[in-house]
Amino acid sequence: MEVRVRGYTEEDVPGMARIWNIIVDRGMAFPQEEELSPEEASVFFGSQSHCGVAEIDGRVVGMYILHPNNVGRCGHISNASYAVDPDMSNKGIGAKLVEDSLSMARSLGFRIMQFNAVVQENASAIHLYEKEGFRRIGVVPGGFRSKDGEYHSIILFYHEL
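Residue 397 is where the sequence shown starts when you use the numbering used here, and the numbers rise one by one after that.
Below you can see the structure in the form of structure tokens.
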């Protein structure tokens with residue numbers, strides 16, 4: 397099983413939206429509350445600095461979005477979000493997506509990647525980010541409201557590029 401990560405094309409949008417919407421619907425990782433329609437997905441993914449997809453045998457099994465974390469004097473800091481098809485977890489796909497996003501962020505001129513809201517219970521993501529060299533900045537108690545209405549702490553991370 398060979399995982400290939402590459403820039404997305406418009407043909408990838410339905411697979412990307414399917415995976416994105418699964419994560420949004422679960423309500424424990426992304427801040428978005430509403431799923432993306434096909435039209436919204438095309439616009440949303442097209443508005444990012446870069447989107448990468450992981451594919452196996454031509455099938456999208458994971459994706460990421462990359463964009464500035466802020467503007468102006470803080471515009472050199474990037475941010476990314478990752479999503480892997482739940483049926484494909486624990487196969488190293490997330491690591492390939494993170495590594496590709498770090499390389500792409502560097503090539504786009506960003507100097508730092510920062511994550512603003514990693515839910516404290518997301519142990520697999522935290523393990524991956526720390527393995528990839530991200531450092532914890534701090535914790536925001538109650539910074540994330542899950543789908544069930546409970547509040548969870550979030551961890552902020554950064555990685556110098």
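Don't be surprised by glycine CBs; every beta carbon is placed ideally from N, CA and C.
Would Met412 and Ala450 qualify as a contact pair, given that the criterion is a beta-carbon distance under 8 Å?
The residue given as residue 412 occupies position 16 in the sequence shown. The residue given as residue 450 occupies position 54 in the sequence shown. Contact: no.
Close beta carbons around Val395, own chain, < 6 Å, minus the five adjacent residues each side:
Lying outside 397 to 557, the shown extent of the chain, residue 395 is not represented and no answer is given.
Taking Leu524 as the reference, give the member of Pro464, Val494 and Asp481 with the closest Cα.
Residue 524 sits at position 128 when you count from the first residue of the sequence shown. The option with the nearest alpha carbon to Leu524 is Val494.
Rounded to the nearest angstrom, what separates Tyr478 and Glu546 at their Cα positions?
The residue labelled residue 478 in the question sits at position 82 within the sequence shown. The residue labelled residue 546 in the question sits at position 150 within the sequence shown. Looking at the two C-alpha atoms, the distance is approximately 23 Å.
Within 10 angstroms of its Cβ, does Ser497 collect 16 or more other Cβ (buried), or is it exposed?
In the sequence shown, residue 497 corresponds to position 101, counting from 1. It counts as buried.
Given a cut-off of 8 Å on the beta-carbon distance, is the pair Leu557 and Arg469 in contact?
Walking along the sequence shown from the start, residue 557 turns up at place 161. Walking along the sequence shown from the start, residue 469 turns up at place 73. No; because the gap between Cβ atoms is not below 8 Å, this pair is not in contact.
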